[in-house]
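First comes the structure, then the notes that go with it.
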Amino acid sequence: MKIKNKGFTLIEIIVVMAVLAILLPTVFSVIYIIMQQMLRVHKLAETKRQGDMIMMYMKESIARDAWGVSDEVGGVECNTAGSTYHDFANFFFFVGNNTPPDIFTFRLYPSGNISYEHYFYHGGFGMYVNDLSANLNATDVVSVSGFDIECRKRDNNSYPVIAFSYDVTFVDTTPTAQEGVVTLHYQTKVKLRRTLD
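Position one of the sequence shown corresponds to residue 1340 (the numbering used here), numbered consecutively onward.
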């Protein structure tokens, strides 16, 4: 007569527990690493999306609406051969071709937001009035820093070239941000296709 075993022996239980003790930490560490990489990819994608959006808006606005460059007191800049205009104090204005000309600028605020500001000349007040201010950061998860803009005109037969650059950083609000900081650098040049007469 055969004896039927209806349970596990002690050795079988110990072997199963040892296998689980080896496999479970490995599986959880692999899952943790995969989730970290997915979070990093998300941060990088969001930073790139917003950085690209800011760059395209700036390039399109300058190419479409800018006819010249002005300083904070209305002086025309970058209109003679070999001239360069660079302003660190956010007083770099683009001038339109209407009379009196509308002006617009891109301004970086200490909060890390970059905005497009449009001004028109109000004859009743005898001054320029801000009629549009739009934040170019789509959300607060990215911050812009290192914004730099300048204009150069090589010679009398060329149009001024506007060069600008900035850094876009993903703002991580988690206290244990171990995934690293995601920062992308942007820089480009836009040639003005027309100038003030």
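Each residue gets a CB set at the ideal place from its N, CA and C atoms; glycine is no exception.
Please read all numbers here as calculations on a predicted model, not as lab measurements.
Which listed residue (the options) has its alpha carbon closest to that of residue i
i, options, result
"residue 1502", "1420, 1425 and 1389", "1425"
"residue 1454", "1461, 1347 and 1445", "1445"
"residue 1525", "1397, 1366 and 1470", "1397"
"residue 1409", "1443, 1403 and 1400", "1443"
"residue 1491", "1378, 1376, 1485 and 1415", "1415"
"residue 1420", "1471, 1348 and 1497", "1497"
"residue 1466", "1412, 1387 and 1354", "1412"
"residue 1422", "1499, 1512, 1504 and 1378", "1499"
Burial state of residue i (16 or more Cβ within 10 Å)
i, result
"residue 1479", "exposed"
"residue 1495", "exposed"
"residue 1469", "exposed"
"residue 1441", "buried"
"residue 1528", "exposed"
"residue 1475", "buried"
Local conformation of residue i per DSSP, three classes
i, result
"residue 1424", "strand"
"residue 1478", "coil"
"residue 1368", "helix"
"residue 1362", "helix"
"residue 1412", "coil"
"residue 1454", "strand"
"residue 1354", "helix"
"residue 1502", "strand"
"residue 1510", "coil"
"residue 1403", "helix"
"residue 1528", "strand"
"residue 1379", "helix"
"residue 1386", "helix"
"residue 1391", "helix"
"residue 1460", "strand"
"residue 1396", "helix"
Supposed close pair residue i, residue j - CB separation, criterion 8 Å
i, j, result
"residue 1510", "residue 1483", "The pair is not a contact, with the Cβ atoms about 11 Å apart (cut-off 8 Å)."
"residue 1402", "residue 1533", "With a Cβ gap of about 10 Å, residue 1402 and residue 1533 do not count as contacting."
"residue 1477", "residue 1392", "6 Å"
"residue 1439", "residue 1460", "4 Å"
"residue 1507", "residue 1390", "4 Å"
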